[in-house]
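Engineer: Input: one structure, supplied below.
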Amino acid sequence: MICDPLPTTPLSGALLAELTALYASNSAFHRLTGDFPDPEDIRPEQVAAALAGERELPGTEILLARDSGRPTGIAVTLAHHPDPADPDPWIGLLMVDARLHGQGHGRRLAALVEDRFRTGGRTAARLAVLANNPRGLAFWTALGYEVLDHREDRGTGRPCAVLRKDLTTP
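Set out below in structure tokens:
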């Protein structure tokens with residue numbers, strides 16, 4: 034699996050089609066988030082707008098994972114949380130093509146993101162899991178993330194758990 038940053042240019046063509054297919058495969062997740070008006074009919078312009086919105090925060094990096102040239106997942110990271118009291122980088126989104134769930138792609142993508150943080154001198158990572166997503170919580174806790182707090186997310190006020198993992202120990 035390789036993981037490279039998405040180009041910072043506006044998305045179009047084959048890349049946007051691949052990303053749209055990746056997002057569309059995760060309709061169950063999008064029903065939980067409410068991020069798309071119709072999770073069963075996600076359109077390229079919606080994906081392009083969602084990713085453009087992610088890039089608005091300074092220090093955001095969007096990574097696309099590929100295996101044998103095929104997109105397998107996407108990760109959105111934040112070098113710094115908008116709250117200045119929070120010293121850790123964040124994983125804002127980690128999503129694997131739903132047709133590949135249960136095959137280890139999510140674990141590998143999470144490990145690649147953690148390695149990028151370590152390479153950058155970061156000692157921990159944080160993320161938030163929506164309260165209505167027990168599968169997501171189980172995934173992250175199995176990877177060693179621990180629940181720090183329960184609160185509403187900053188963007189939409191949805192209840193979530195905030196998790197953290199120390200990256201200094203293997």
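Plus 33 on top of the position in the sequence shown (first one is 1) and you've got this note's numbering. Backbone N, C-alpha and C fix where the C-beta goes; we use that ideal spot for every residue, glycine too.
(1) Closest to GLU87 by C-alpha separation, out of GLN136, ARG141, GLY125, would be which residue?
(2) Would you mind listing the alpha helix (DSSP H) stretches within the stretch 159-193 that are 4+ residues and don't spill past its ends, in chain order?
(3) Considering just the uninterrupted stretch of the beta strand (DSSP E) at ASP100, what are its terminal residues?
(4) Rounded to whole angstroms, how far is the Cβ of LEU163 from the Cβ of ARG191, which I believe are closer than 8 Å?
(5) Helix, strand or coil: which one does DSSP assign to PRO70?
(6) Are there 16 or more other CB atoms within 10 angstroms of the CB of ASP130, so buried, or fewer, so exposed?
(7) Pick from ILE95, ILE35, LEU90: whose alpha carbon is nearest that of ASP116?
(8) In whole angstroms, what separates the C-alpha of ARG168 from that of ARG140?
(9) Based on DSSP bridge pairs, tell me the residues matched to VAL195.
(10) For ASP148, name the three-state secondary structure that DSSP assigns.
(11) Measure the Cβ-Cβ separation of LEU142 and TRP173 and say whether it is below 8 Å.
(12) Confirm, please, whether the CB-CB distance from TYR56 to ILE35 is below 8 Å.
Structural biologist: This is what the structure gives:
(1) Numbered from its first residue, the sequence shown carries residue 87 at position 54. For the residues GLN136, ARG141, GLY125, the minimum Cα distance to GLU87 belongs to GLY125.
(2) 167-175
(3) The count along the sequence shown starts at 1 and reaches residue 100 at position 67. Start and end: 93-100.
(4) As a working mapping, residue 163 is identified with position 130 in the sequence shown. As a working mapping, residue 191 is identified with position 158 in the sequence shown. LEU163 to ARG191, Cβ: 6 Å. Contact.
(5) Counting from one through the sequence shown, the residue named residue 70 turns up at place 37. Of the three classes helix, strand and coil, the one that applies to PRO70 here is coil, per DSSP.
(6) What you label residue 130 is simply residue 97 of the sequence shown in a count that begins at 1. Classification for ASP130: buried.
(7) As a position in the sequence shown, residue 116 is number 83, starting the count at 1. Among ILE95, ILE35, LEU90, the Cα nearest to that of ASP116 is on LEU90.
(8) Numbered from 1 along the sequence shown, position 135 holds the residue referred to as residue 168. Numbered from 1 along the sequence shown, position 107 holds the residue referred to as residue 140. ARG168 and ARG140: Cα-Cα distance of roughly 14 Å.
(9) Taking the sequence shown and counting its residues from 1, one reaches residue 195 at position 162. In the DSSP output, where bridge partners are listed per residue, VAL195 has ALA161, ASP182.
(10) Position 115 of the sequence shown holds residue 148. In this structure, ASP148 counts as helix in the three-state DSSP scheme.
(11) Within the sequence shown, residue 142 is the residue found at index 109, counting from 1. Within the sequence shown, residue 173 is the residue found at index 140, counting from 1. No. Outside cutoff.
(12) Position 2 of the sequence shown, counting from 1, holds the residue named residue 35. Position 23 of the sequence shown, counting from 1, holds the residue named residue 56. Cβ distance not < 8 Å, so ILE35 and TYR56 don't count as in contact.
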